[in-house]
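Undergrad: Have a look at this one.
In the numbering used here, the protein residues as written are 610 to 824.
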């Protein structure tokens, strides 16, 4: 049976950021849809409907479906699953997801330059009870969910705003989500999680086995 993988990039990125991962998945025999969306235009809910409508139209109707996300892409999936059943979904891997929001948005999200760079969805990614990550709730879909968090930063200024171990954008703790099946950390900064060789190997392992590889 065909197995499709939908890739969703993060905020202010493009499908090119997921190209290395896409190439590796294709080499392993997966049908890959590296879906783009205008992340700086629209809310999380609006972007979710647009991205998944286009992505699913490119997947064979009888294929088993997997989804791999980076950063805000995880919230698009969570938003979509609140409104749609998606019974063909089997496994999900989230790379650096702001599932509990980001303290960086709490600190600087109201600045005009932040909104100009990140758009309406970016301002939704705080940690308050009314933020998009909080409002989306736990992961209740029967698909298996694995989460990979980074523990290094290339932006010490932003890291100061974040409590505990973090990848420069999201704390390890806030990547976690009720309903996840596995969680692992890698010593990688947020912008490089989807291109890091070790992280890519963990993605492949989870898609194949439903768990991450450990020594």
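Backbone N, C-alpha and C fix where the C-beta goes; we use that ideal spot for every residue, glycine too.
Rounded to whole angstroms, what is the Cα-Cα separation between residue 789 and residue 820?
TA: One C-alpha to the other measures close to 11 Å.
Undergrad: Could you tell me the alpha carbon to alpha carbon distance between residue 736 and residue 650, rounded to whole angstroms?
TA: Taking the straight line from one Cα to the other gives about 21 Å.
Undergrad: What does the Cβ neighbour count give for residue 766, buried or exposed, with the cut at 16 atoms within 10 Å?
TA: Under this definition residue 766 is an exposed residue.
Undergrad: Whole angstroms are fine: how far does the CA of residue 806 sit from the CA of residue 617?
TA: For residue 617 and residue 806, the distance between alpha carbons rounds to 18 Å.
Undergrad: State the Cα-Cα distance for the pair residue 622 and residue 815, rounded to the nearest angstrom.
TA: Taking the straight line joining both Cα atoms gives about 24 Å.
Undergrad: Use the C-beta contact count for residue 667: other C-beta atoms within 10 angstroms, 16 or more gives buried, fewer gives exposed.
TA: When all chains shown are included, residue 667 counts as exposed.
Undergrad: When you compare the CB positions of residue 779 and residue 794, do they come within less than 7 Å of one another, or not?
TA: Result no, Cβ atoms of residue 779 and residue 794 do not sit closer than 7 Å.
Undergrad: Could you give the distance in angstroms between the alpha-carbon of residue 763 and the alpha-carbon of residue 776?
TA: Between residue 763 and residue 776, the C-alpha separation is close to 8 Å.
Undergrad: Residue 703 bridges to which residues according to DSSP?
TA: Answer by DSSP bridge pairing, in chain order: 678, 756.
Undergrad: Which class does residue 612 belong to by DSSP, given the choice of helix, strand or coil?
TA: Three-state DSSP puts residue 612 in a strand.
Undergrad: Name the one or two DSSP bridge partners that residue 791 has.
TA: Paired residues: 755.
Undergrad: Taking a contact to mean a Cβ-Cβ separation below 7 Å, would you say residue 653 touches residue 730 in this structure?
TA: Against a cut-off of 7 Å, the Cβ pair of residue 730 and residue 653 comes out as a contact.
Undergrad: Using 10 angstroms around the beta-carbon of residue 712, count the other beta-carbons present and answer buried if the total reaches 16, otherwise exposed.
TA: Classification for residue 712: buried.
Undergrad: Going by DSSP, what residue range makes up the beta strand (DSSP E) through residue 640?
TA: 640-644 is the span of the beta strand (DSSP E), which, as asked, contains residue 640.
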